[in-house]
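Numbering (my numbering), first residue to last: 334 to 494. Glycine is no exception: its CB is placed at the ideal position from the N, C-alpha and C atoms. A short worksheet on the structure shown next.
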Amino acid sequence: MGRVIRPHGVDGEVRVYVFEPGAPNLQRGRSVTISGVVRKISRLRDDRGELLIAFEGITDRDQAMTLRGEILELPDRLVRRNDEESYFLHELIGLLVETDSGEPVGNIREILQPGANDVYVVDTVGGELLIPAIADVVREIDVKAGKIIIVPLAGMLDISK
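What follows is the structure, encoded as structure tokens:
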């Protein structure tokens, strides 16, 4: 759901960078897992696009400091999705990648997040292929059907060594 950036103040509150705008899964009274420990959110407020969160049991700055850099997690089944087409990155692993003309390319083995956009690492017959997850290339992601449709950029599928 987000990552703890640093403590905020002296009462155990932390500043959290949220992975989804509006943070629909982070609310007062909701429990999240941090470092394998389930913690209930006792206070939450927006601060310039980040959240300031207080957790039950974290009452001072030293305790809050131990959470620095930690990820706030929820089991997939408890996450409220924006719509039926929403997916988690891990759900893309193993999906078949096909071109818009129906030609099979390979299966996603890994997803890299180098910065501007995700990159899908696809195992193909000819070796590894890196596909940028941008709108010009990725036309459709259908997790239920188990495939991703791409429009390859010029030279993208030339896997000669």
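Query: Would you give the residue range spanned by the alpha helix (DSSP H) that A397 belongs to?; Result: R394 to M398
Query: Roughly how many angstroms lie between the CA atoms of S504 and L405, to the nearest whole one?; Result: Nothing about residue 504 can be read from this structure; the chain reaches only from 334 to 494.
Query: With a threshold of 8 Å, are at least 3 pairs of Cβ atoms found where one atom belongs to the region 472–482 and the other to the region 411–428?; Result: yes
Query: Determine the contact status of P357 and R410, defining contact as a CB-CB distance below 8 Å.; Result: no
Query: On a CA-only basis, which of P408, E353 and K480 is nearest G427? Give me that one, please.; Result: K480
Query: Residue ranges of each beta strand (DSSP E) run of no fewer than 3 residues wholly in the region 437–486, ordered along the chain?; Result: 437–445, 452–457, 460–465, 471–475 and 480–483
Query: Please report the distance separating the alpha-carbon of S390 from that of R378.; Result: This sequence places Gly at residue 390; Ser is not what is there. Using only the alpha carbons, I get a separation of about 18 Å.
Query: On the DSSP letters alone, give me the boundaries of the beta strand (DSSP E) that P340 sits inside.; Result: G335 to H341
Query: Which residue marks the beginning of the beta strand (DSSP E) containing I404, and which one marks its end?; Result: I404 to E406
Query: Could you check where the beta strand (DSSP E) with Y350 kicks off and where it finishes?; Result: E346 to V351
Query: Which first and last residues belong to the beta strand (DSSP E) in which E383 is found?; Result: E383 to F388
Query: Skipping 5 residues on each side, what residues in its chain have a beta carbon closer than 8 Å to that of D393?; Result: V343, D344 and G345
Query: Beta carbon of A351, beta carbon of L385: below 8 Å?; Result: Going by the sequence as given, residue 351 is Val instead of Ala. In this structure, L385 does not lie closer than 8 Å to V351 by Cβ.
Query: Quick check: V454 and E436, are their CB atoms within less than 8 Å of each other?; Result: no
Query: From G488 to G439, what does the alpha carbon distance come to, in whole angstroms?; Result: 16 Å
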